[in-house]
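In this note's numbering, the protein residues as written are 841 to 1177.
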Amino acid sequence: MAITAKLARLAPKPETNHMLYGPTHRAIQNALSQLIEKEINPNVDQWERNKLFPAKTVFKKFGNLGIFGVNKPTEYGGLGLDFSYSVAVAETMGQVNCGAIPMAAEVQSDMATPALAEYGSDYLKREFLMPSLTGEVVSCLGVSEPHAGSDVAAIRTYARKHNDDLIITDTAEIFFDNVRVPMRNIIGDEGRGFFYQMSQFQHERLVAVAVLLEPLSKIIDTTMEYARERQIFGQPELNNQIVSYQLAEMRVELESVRSLLYRAVLEKLSGEDVTILASMAKFKAARIARSITDNCLQASLNGHIVSRFYRDLRLFSIAGGCDEVMLSIISRHFESK
């Protein structure tokens, strides 16, 4: 917990009555925000021009701050905090001036490593989890194939036993041609991988929603400033009632998603099943990410940050459970009542 104590010294004055975040949340957010401002955002444009993201370098910076392990066990290098801290980190990660880096970071902390932390053996945690939390290695998660993605159970990749190894075969973006993996690398009980993966979907979906809050707010702010400065028919564009009402409606949509997210997190912390709330939040957040970026791009063609998020945030309607799967989960729930 030494990292937590160090971060606490960086905390601004705690705000009162926030429904989810306290002083320690704010300390972690403040430290991450400083890192993003000083070492990440100044380089984003160049990385995009070069079509190269130095993941290992950036991940080590995040790892040094402890953000990959905020809710992971302390004995393996984590901070041992609850899920609300993962949400706080994800929300702050949205301050990065692109969508790709926050998504990659959240895959590392909240998609590829939770099952390892929850069900992995001591050997696996020391061999794979610990270097993932420090950012020394980049973790990934394989749940999609050319013929399977949303339907996780339809994955065709298979493993057969051979002595003390598993031999993995099939094709996705990465080809497995009789890849040999030691049996001791199985996470948890044999044959339970599908259930482990399904159990963490709500966790990763809520984190995905949190990632969207900052960029969408930034897009609305950027568009509002542009509309305030741009003159049309002799007056600021913002004076046009249609424009101002559209921006106001975007704010309402964004804050409704924020409230839905925080409610879901609080219920999750109290032990409730948040499958439906998480699905609703994920669906709504992904949909407004599309509508807000589209409307703001229409209104502020001068802003490359808006066009970048228009491209980057489109992924959220697909990754982590596509919109149609979210609607399917929600509809089945209410139809069964």
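In this text, a Cβ means the ideal position worked out from N, Cα and C, and glycines have one as well. Treat the numbers as computed from the prediction; the structure is a model and nothing was measured.
Checklist entry - Per DSSP, what kind of secondary structure is R947 in: helix, strand or coil? => result Locating residue 947 in the sequence shown gives position 107, where the first residue counts as 1. The question names Arg, yet the displayed sequence has Val at residue 947. Three-state DSSP puts V947 in a helix.
Checklist entry - Thinking C-beta only, is S972 closer than 8 angstroms to T953? => result By 1-based counting over the sequence shown, the position of residue 953 is 113. By 1-based counting over the sequence shown, the position of residue 972 is 132. Result yes, Cβ atoms of T953 and S972 sit closer than 8 angstroms.
Item to check | Terminal residues of the beta strand (DSSP E) in which D1004 lies | outcome: The residue you call residue 1004 lines up with position 164 of the sequence shown. From DSSP, D1004 is part of no beta strand (DSSP E); its letter is neither H nor E.
Next on the checklist: Suppose the cutoff is 7 angstroms on Cβ atoms and the five residues either side in sequence are ignored; what does the same chain contact list for D1163 look like?
Outcome noted: The sequence position of residue 1163 within the sequence shown is 323, counting from 1. Result list for D1163: F1123, A1126, R1127, S1157, in chain order.
Item to check | Of the listed residues M951, P942, G918, A955, nearest to M970 (C-alpha basis) | outcome: Here the question's residue 970 lines up with position 130 in the sequence shown. Nearest C-alpha to M970: G918.
Checklist entry - G960: buried (16+ other C-beta within 10 angstroms of its C-beta) or exposed? => result As a working mapping, residue 960 is identified with position 120 in the sequence shown. Buried, because 16 or more other Cβ atoms sit within 10 Å of the Cβ of G960.
Checklist entry - What is the residue span of the beta strand (DSSP E) that D1017 lies within? => result Reading the sequence shown from its first residue, position 177 is the one you call residue 1017. Where D1017 is concerned, the enclosing beta strand (DSSP E) stretches over 1015 to 1022.
Checklist entry - Going by the CB atoms, is the gap between I876 and V927 shorter than 8 angstroms? => result Taking the first residue of the sequence shown as position 1, residue 927 is located at position 87. Taking the first residue of the sequence shown as position 1, residue 876 is located at position 36. The answer is no: Cβ separation not under 8 angstroms.
Checklist entry - Can you name the start and end residues of the alpha helix (DSSP H) that M1090 belongs to? => result Sequence index remark: in the sequence shown, residue 1090 carries index 250 (1-based). First-last of the alpha helix (DSSP H) with M1090: 1081 to 1109.
Checklist entry - Helix, strand or coil: how does DSSP classify D1163 here? => result Along the sequence shown, one-based indexing puts residue 1163 at 323. In the structure shown, D1163 sits in a helix (DSSP, three-state: H, G or I).
Item to check | 8 angstroms Cβ cutoff met for F899 and G975 | outcome: Along the sequence shown, read from residue 1 onward, the residue named residue 899 stands at position 59. Along the sequence shown, read from residue 1 onward, the residue named residue 975 stands at position 135. In contact: F899 and G975 (Cβ atoms closer than 8 angstroms).
Item to check | Proximity below 8 angstroms, CB of T914 to CB of L872 | outcome: For the purposes of this step, residue 914 is taken as the residue at position 74 of the sequence shown. For the purposes of this step, residue 872 is taken as the residue at position 32 of the sequence shown. No, the Cβ-Cβ distance between T914 and L872 is not below 8 angstroms.
Item to check | Cβ-Cβ separation, V1051 to G906 (assumed contact under 8 angstroms), whole Å | outcome: As a position in the sequence shown, residue 906 is number 66, starting the count at 1. As a position in the sequence shown, residue 1051 is number 211, starting the count at 1. The Cβ separation is near 18 angstroms, so there is no contact.
Checklist entry - Under the DSSP definition of a beta bridge, which residues are partnered with Q1075? => result In the sequence shown, the residue the question calls residue 1075 occupies position 235. Q1075 is bridged to I1072.
Item to check | Span separating the alpha-carbon of A848 from that of E967 | outcome: Within the sequence shown, the letter at position 8 stands for residue 848. Within the sequence shown, the letter at position 127 stands for residue 967. Per-residue confidence for A848 stands at a pLDDT of 49, beneath the threshold of 50, marking its modelled position as unreliable; the derived number appears in the next sentence. Those two C-alpha atoms are separated by around 30 angstroms.
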